[in-house]
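Remarks on the structure that follows.
Chains as they are written, first to last, in the working numbering: chain B, 161 to 317; chain Z, 161 to 317; chain W, 161 to 317; chain Y, 161 to 317; chain F, 161 to 317.
Below, the structure is given as structure tokens:
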């Protein structure tokens with residue numbers, strides 16, 4: 161039986177980060193042989209955690225990617241915090257990693273730059289999920305290297 | 161046996177969002193045949209989470225809608241945050257989705273506009289609950305489309 | 161065997177809200193026949209949650225009322241938030257409602273007004289607890305009616 | 161078998177509150193006959209919660225006192241909040257009271273006054289722990305009396 | 161069978177704190193005889209908690225060290241808070257200590273000073289982990305002594 165990687169995103173988001181992650185994961189070695197993808201879409205970021213938990217527990221997913229795009233309002237910032245705590249709890253209750261991939265609309269004023277951030281962050285975290293499952297030594301090599309997703313790496317001090 | 165959708169709201173709220181959701185769900189295909197509604201009212205938003213958990217566990221509801229209207233005071237904002245974390249935990253402990261449908265009095269100065277927001281948001285989330293149960297592909301099609309409840313869709317970047 | 165309603169309050173509080181609730185509940189139909197009261201006092205608001213959980217689990221209480229009075233200092237506000245999250249968790253872990261009845265010293269500068277708020281809020285929430293157990297339709301009738309405890313009802317929009 | 165009261169403190173703290181609590185508890189009736197003390201020291205306040213849980217579960221302690229002294233930096237305030245939420249969760253997961261006894265360095269500029277606060281608060285809460293176990297009616301008598309630890313009682317309104 | 165100490169760090173960090181901890185622990189008596197090390201690297205600080213939980217539960221680690229370096233942005237501060245709450249929950253769910261070793265980029269403007277803080281804090285907390293397992297009396301002796309990691313000890317008041 162193949163491993164499963166869960167991709168969960170929202171209709172609230174203004175860019176299809178889930179599609180980027182799908183494409184990236186389909187390019188990794190072993191797609192369709194070692195692992196397959198399961199994708200679900202929920203209304204908003206506060207719906208992500210339970211959706212991930214369901215895919216982990218009921219579809220037996222080995223890892224999940226949770227995509228969200230909090231808006232500019234102060235209430236959105238609070239929602240992102242609540243969503244994030246939910247994703248943390250979902251990880252601990254399932255003992256399964258869920259990579260939280262959020263792009264905040266406050267990160268830029270420019271839609272094109274936001275798209276670039278979303279594209280890059282989604283692709284990099286899709287690879288991180290793959291590495292966590294199959295090549296953890298790749299992450300181990302990056303320990304303390306100031307690696308970023310959605311911007312240039314900060315590098316080590 | 162029919163599925164059950166839980167509707168939980170408060171006496172604190174200043175508009176009957178639960179009634180809007182009831183009406184909307186009764187218009188969906190399969191009402192009274194595939195699914196029925198269970199409704200409970202509690203005093204305030206911090207009472208919503210355990211009420212939803214009880215309906216999910218004891219009435220075997222497949223999904224819940226939790227309606228609340230935090231007031232203008234800073235303490236109300238904090239209560240909303242606490243209520244929201246409770247709803248998050250209730251979802252994870254039951255592995256069942258609860259759509260949080262809150263209208264904040266700070267969203268507008270105008271009662272009529274607040275009523276409009278409450279009406280629209282309640283109706284749209286009632287449909288979301290229906291889709292999550294019976295037509296998840298409708299949400300999948302909306303992934304990253306900037307869809308909103310209570311205001312015009314933001315659309316994709 | 162009679163139902164039990166738990167009343168938990170603090171020595172930190174500056175008004176005996178628990179006594180108000182006791183009086184109010186003793187006036188409800190069925191007191192001493194359908195239901196009885198169990199009361200415990202703890203030092204401060206962060207001790208309320210576990211005390212409620214113990215009464216629910218060990219004394220088999222059907223519902224609890226938790227009374228607290230956060231002071232004026234910023235640290236008090238944070239304590240109230242932590243206490244509130246604890247009460248939320250206690251509800252979810254026991255699947256039993258706990259009505260949080262807090263009066264914040266910042267709600268008024270005037271001790272007499274604070275006493276009035278505390279009196280009214282305690283009595284109204286005692287009745288809410290009674291209704292939740294025995295007359296839930298009373299709450300259902302108040303859905304979206306802008307009902308308050310400790311001040312005049314806001315009414316519907 | 162004797163009851164056990166857990167005393168947990170930190171090396172981060174700048175005053176030995178645990179020692180004050182030990183002394184106070186040793187003066188209570190029944191020490192060494194009805195109850196004994198178990199003491200553990202951890203590095204910082206965020207280590208208190210799991211240490212209390214271990215003593216409650218593995219040493220069978222009936223109640224715990226958790227002593228901490230958050231510093232003046234904003235990050236210290238956040239750590240105290242996180243530590244406090246941990247202590248709340250530890251209480252609920254063990255259904256056992258843990259009295260949180262924190263002195264914040266921001267409570268005074270004067271080291272002597274901070275020592276006085278720490279001394280008084282530790283002693284008073286040690287007695288509270290004793291009362292919770294053996295003389296709960298003492299706390300019941302203080303309901304709503306504005307009792308404080310570390311400063312003069314505020315008294316009732 | 162040897163005890164295991166878990167070391168978990170991130171690729172986001174800009175200094176290899178995990179390596180410092182490894183070196184320090186290898187210098188402690190009993191390394192390779194009484195205890196061995198298990199190390200994992202994850203992308204960011206919000207991935208630490210579940211990684212620690214997995215090592216504790218699946219590798220049977222007796223204690224964990226979690227290293228992270230939150231950046232300067234306000235969102236980083238919030239992430240650190242969420243990560244910290246996750247580590248708190250992971251400790252309580254496993255009843256196992258996890259020492260949280262975070263260096264905040266806001267602690268200094270100077271990379272060299274940040275490296276010094278990171279070096280010192282990692283080494284001191286590695287020793288704390290060792291003491292917690294094998295020499296708890298060392299911590300007991302330091303109760304209330306104002307001991308710090310990453311800066312000079314504050315000392316007692």
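In this text, a Cβ means the ideal position worked out from N, Cα and C, and glycines have one as well.
Quick one: residues in its chain with C-beta nearer than 8 Å to the C-beta of residue 220 of chain B, no 5 flanking neighbours on either side, listed in chain order?
Once the five neighbours on either side are set aside, the close Cβ partners of residue 220 of chain B are 164.
Please state the DSSP three-state secondary structure of residue 260 of chain Y.
Residue state, collapsed to three classes: strand.
Does the stretch 286-303 of chain B come into contact with the stretch 164-182 of chain F, if we say contact requires no fewer than three beta-carbon pairs (one atom in each stretch) closer than 8 Å?
Cβ pair count under 8 Å is three or more, so yes.
Who does residue 164 of chain Y pair with in a DSSP beta bridge?
According to DSSP, which records beta bridges pairwise, residue 164 of chain Y is partnered with Y:196.
So, is the C-beta of residue 279 of chain B closer than 7 Å to a C-beta in chain F?
No, its Cβ sits nowhere closer than 7 Å to a Cβ of chain F.
Hey, is residue 239 of chain F close to the ligand NAP, as in C-beta under 6 Å from one of its heavy atoms?
This structure lacks the ligand NAP, and indeed carries no ligand of any kind.
Give me, in chain order, the residues of the same chain whose beta-carbon lies closer than 7 Å to that of residue 281 of chain B; leave out the 5 immediate sequence neighbours on both sides.
Correct list, in chain order: 261, 263, 309, 310.
From the DSSP output, read off the bridge partner residues of residue 223 of chain F.
Residue 223 of chain F is bridged to F:165.
Go through its chain and collect everything with a Cβ distance to residue 209 of chain Z's Cβ below 6 Å, but skip five positions before and after it.
Around residue 209 of chain Z: 246, 247, 250.
Going by beta carbon distance, what residues of the same chain come within less than 7 Å of residue 200 of chain Z, once the five residues before and after it are set aside?
So the list reads 168, 211, 215, once near-sequence residues are dropped.
Quick one: give me the first and last residue of the alpha helix (DSSP H) that residue 236 of chain F is part of.
Start and end: 234-254.
Under 7 Å Cβ to Cβ from residue 203 of chain W, same chain only, skipping five residues before and after it: list those, please.
The residues are 170, 171, 172.
Does the beta carbon of residue 314 of chain F come closer than 7 Å to any beta carbon on chain B?
Chain B, which has no Cβ nearer than 7 Å to the Cβ of residue 314 of chain F, makes this no.
When you compare only the Cα positions, how much space is there between residue 307 of chain F and residue 287 of chain F?
Answer to the nearest angstrom: the Cα atoms are 13 Å apart.
Locate the alpha helix (DSSP H) running through residue 301 of chain B, then write down its first and last residues.
296-301 is the extent of the alpha helix (DSSP H) around residue 301 of chain B.
Please state the DSSP three-state secondary structure of residue 228 of chain Z.
Residue state, collapsed to three classes: strand.
Should residue 289 of chain W go down as buried or exposed, given a rule of 16 or more other Cβ atoms within 10 Å for buried?
Its Cβ being crowded by 16 or more others within 10 Å, residue 289 of chain W is buried.
Please report the straight-line C-alpha distance between residue 256 of chain F and residue 217 of chain Y, rounded to a whole angstrom.
Whole-angstrom Cα-Cα distance: 12 Å.
Quick check on residue 248 of chain Z - is its C-beta less than 7 Å from some C-beta in chain B?
Yes, residue 248 of chain Z counts as interfacial toward chain B.
Distance cutoff 7 Å, beta carbons only. Does residue 257 of chain F sit that close to anything in chain Y?
Residue 257 of chain F counts as touching chain Y.
Is any beta-carbon of chain W found at less than 7 Å from that of residue 262 of chain Z?
No, because no Cβ of chain W sits closer than 7 Å to the Cβ of residue 262 of chain Z.
Would you call the stretch 233-244 of chain F and the stretch 180-200 of chain Y touching, i.e. three or more CB-CB distances under 8 Å?
Because the criterion of three Cβ pairs below 8 Å is not met, the stretch 233-244 of chain F and the stretch 180-200 of chain Y do not touch.
From the DSSP secondary-structure annotation, give me the bridge partner or partners of residue 201 of chain Y.
Answer by DSSP bridge pairing, in chain order: Y:169.
Go through its chain and collect everything with a Cβ distance to residue 181 of chain B's Cβ below 6 Å, but skip five positions before and after it.
Correct list, in chain order: 167, 225, 282, 286.
Determine the chain B residues that contact residue 288 of chain Z at a beta-carbon separation under 7 Å, and present them in chain order.
Correct list: 203.
Kindly list the residues whose CB is nearer than 8 Å to the CB of residue 313 of chain B, restricted to its own chain and excluding five residues on each side of it in sequence; keep chain order.
Answer for residue 313 of chain B: 305, 306, 307, listed in chain order.
Between the Cα of residue 316 of chain Z and the Cα atoms of B:161, B:177, B:162, which residue gives the shortest distance?
That would be B:177, whose Cα lies nearest to the Cα of residue 316 of chain Z.
What residues match up with residue 191 of chain Y in a beta bridge as DSSP calls it?
In DSSP, residue 191 of chain Y forms a bridge with Y:195.
Flag this pair as yes or no: are the beta carbons of residue 274 of chain B and residue 268 of chain B separated by less than 7 Å?
Yes, the pair counts as a contact, with Cβ atoms nearer than the cut-off.
For a contact meaning CB atoms closer than 7 Å, what does residue 307 of chain W contact in chain D?
In the structure shown, chain D does not exist; the protein chains are B, Z, W, Y and F.
Can you tell me whether residue 206 of chain B is buried or exposed? The criterion is at least 16 other CB atoms within 10 Å of its CB, across all chains shown.
That one is buried.
May I ask you to report which of helix, strand or coil DSSP gives residue 272 of chain B?
The answer is helix: DSSP assigns residue 272 of chain B an H, G or I state.
Only counting the same chain, and skipping five residues up and downstream in sequence, which positions put a Cβ closer than 6 Å to that of residue 230 of chain Y?
Correct list, in chain order: 236, 240, 264.
Have a look at residue 186 of chain F and residue 192 of chain F and give me their C-alpha separation to the nearest angstrom.
One C-alpha to the other measures close to 8 Å.
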